[in-house]
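Residue numbers (our numbering), protein chains in the order written: chain A, 730 to 848; chain B, 730 to 848. By construction, the Cβ of each residue, glycine as well, lies at the ideal position given by its N, Cα and C atoms. Everything numeric in this text was worked out from a predicted model, so none of it was measured.
Protein chains: 2
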Amino acid sequence: MTTAIPLVQLEVPERTKGCCQAVAEPLAEERAAELASLYKALGDPTRVQMIHILAAASEPVCVCDFTAAFDLGQPTISHHLARLREAGLVTSFKRGVWAFYQLNPGMSETSRGALQLIA
Amino acid sequence: MTTAIPLVQLEVPERTKGCCQAVAEPLAEERAAELASLYKALGDPTRVQMIHILAAASEPVCVCDFTAAFDLGQPTISHHLARLREAGLVTSFKRGVWAFYQLNPGMSETSRGALQLIA
DNA sequence: CTCTTGTATCGACGGGTGTCGATCTAATCT
DNA sequence: AGATTAGATCGACACCCGTCGATACAAGAG
Chain A
730 MTTAIPLVQL EVPERTKGCC QAVAEPLAEE RAAELASLYK ALGDPTRVQM
780 IHILAAASEP VCVCDFTAAF DLGQPTISHH LARLREAGLV TSFKRGVWAF
830 YQLNPGMSET SRGALQLIA
Chain B
730 MTTAIPLVQL EVPERTKGCC QAVAEPLAEE RAAELASLYK ALGDPTRVQM
780 IHILAAASEP VCVCDFTAAF DLGQPTISHH LARLREAGLV TSFKRGVWAF
830 YQLNPGMSET SRGALQLIA
């Protein structure tokens with residue numbers, strides 16, 4: 730099955746000494762942390778839906794629309810929006826009594842890539 | 730302030746009644762949950778690095794290589810690999826005493842998309 | 001000014017998560 | 001067989017997270 734020439738230089742070894750082979754250089758620590766915290770920010774169904782709503786909206790969305798769209802208390806909505814904001818995925822502003830949220834136009838390319846999955 | 734003609738049918742309202750406007754149809758619940766749990770599986774720097782290593786490897790990677798690559802106890806390594814496996818991102822097999830892990834060749838398109846960010 | 005209302009913040013509770021040491025299992029070596 | 005070893009599993013710990021009710025804050029309305 731396996732070889733033809735000395736190209737595949739190592740099959741799964743037969744209990745030689747150690748099986749250990751070299752492994753890719755790890756990502757820069759900050760890069761791994763950046764990716765992980767980005768993924769973590771998206772690791773909740775409510776926040777996924779929020780991003781979906783914001784991605785589909787042509788204008789900033791009022792918090793009251795989120796509280797109407799989800800079966801969750803207002804503090805919880807506020808909490809999720811804050812987490813998205815801390816992750817740099819959304820920005821917000823206040824107009825009168827209302828607070829409006831939108832996708833952060835200046836989000837990183839990485840973030841933009843992650844959001845693309847949320848159709 | 731507000732109107733001129735019925736063209737931009739709503740600017741940010743001026744404290745009329747409610748600010749609420751219609752919002753996009755939510756994603757199917759299972760879809761949101763699928764995305765969230767996928768993101769959650771990737772929401773840890775160690776697991777991001779593991780995926781990076783597996784994506785760069787041309788062959789299945791032995792667990793002992795992971796334990797060597799990270800400054801973490803062996804049970805912790807095993808735990809993270811198990812989480813990646815439960816998320817459908819990797820598969821594993823045993824050869825002799827060793828366990829080898831690789832990216833799941835049959836992972837979903839969604840998963841593949843999420844992994845693409847991990848260069 | 002006082003009342004009302006939209007949001008944010010706080011404190012608490014239950015459940016999940018990353019980590020470890022200890023133990024179990026299975027495969028191999030002697 | 002007994003000893004060794006790679007890996008998984010278990011139990012425990014500290015911590016984080018999603019949720020809620022209560023409260024604080026800010027901006028209008030009356």
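Closer than 9 Å to the CB of B:T820 there is not a single CB belonging to chain A. Between the segment 831-845 of chain B and the segment 776-796 of chain B there are three or more C-beta pairs closer than 8 Å, enough to call the two in contact.
Taking 9 Å as the cut-off, the Cβ atoms of B:C749 and A:A797 count as close.
In this model, A:H809 and B:G825 are separated by some 47 Å (Cα to Cα). Rounded to the nearest whole angstrom, the CA to CA distance from A:R814 to A:S821 is 8 Å. Taken through DSSP and simplified to helix, strand or coil, B:A816 comes out as coil.
Of the other Cβ atoms in all chains shown, fewer than 16 fall within 10 Å of the Cβ of B:G835; this residue is therefore exposed.
Interface flag for A:Y830 against chain B is unset, since no Cβ pair is found closer than 9 Å. For the C-beta of A:P774, the chain B residues within less than 7 Å are, from N- to C-terminus, A761, A762 and A765. Every alpha helix (DSSP H) stretch that sits fully inside the segment 765-848 of chain A and reaches 4 residues is listed by chain position as 774-785, 792-798, 803-815 and 838-844. Within chain B, the residues whose beta carbon sits less than 8 Å from that of A:G842 are Q845 and L846, listed in sequence order. By the CB criterion at 9 Å, A:L771 and B:Y768 fall inside the cutoff. Rounded to whole angstroms, the separation of the alpha carbons of A:W827 and A:I847 is 26 Å. Relative to A:S807, the option among A:A761, A:R776, A:L844 and A:A765 whose CA is nearest is A:R776. Distance from the CA atom of B:E838 to the CA atom of B:A762, rounded to whole angstroms, is 16 Å. Judged by their CB atoms, B:V752 and A:I782 are nearer to each other than the 9 Å cut-off.
Here DSSP, grouped into helix, strand and coil, assigns A:E754 to coil. Under the Cβ criterion of 9 Å, B:A811 is not counted among the residues facing chain A.
Scanning chain B for C-beta atoms nearer than 7 Å to the C-beta of A:D794 yields C749, Q750 and V752, reported in chain order. Ranked by how close their Cα comes to the Cα of A:A843, the residues A:F795, A:E759, A:I780 and A:E754 have A:I780 in first place.
With contacts defined as CB atoms closer than 9 Å, A:P774 and B:E758 qualify as a contacting pair. For B:P834, no chain A residue has a C-beta closer than 8 Å to its own C-beta; the minimum C-beta separation is roughly 17 Å.
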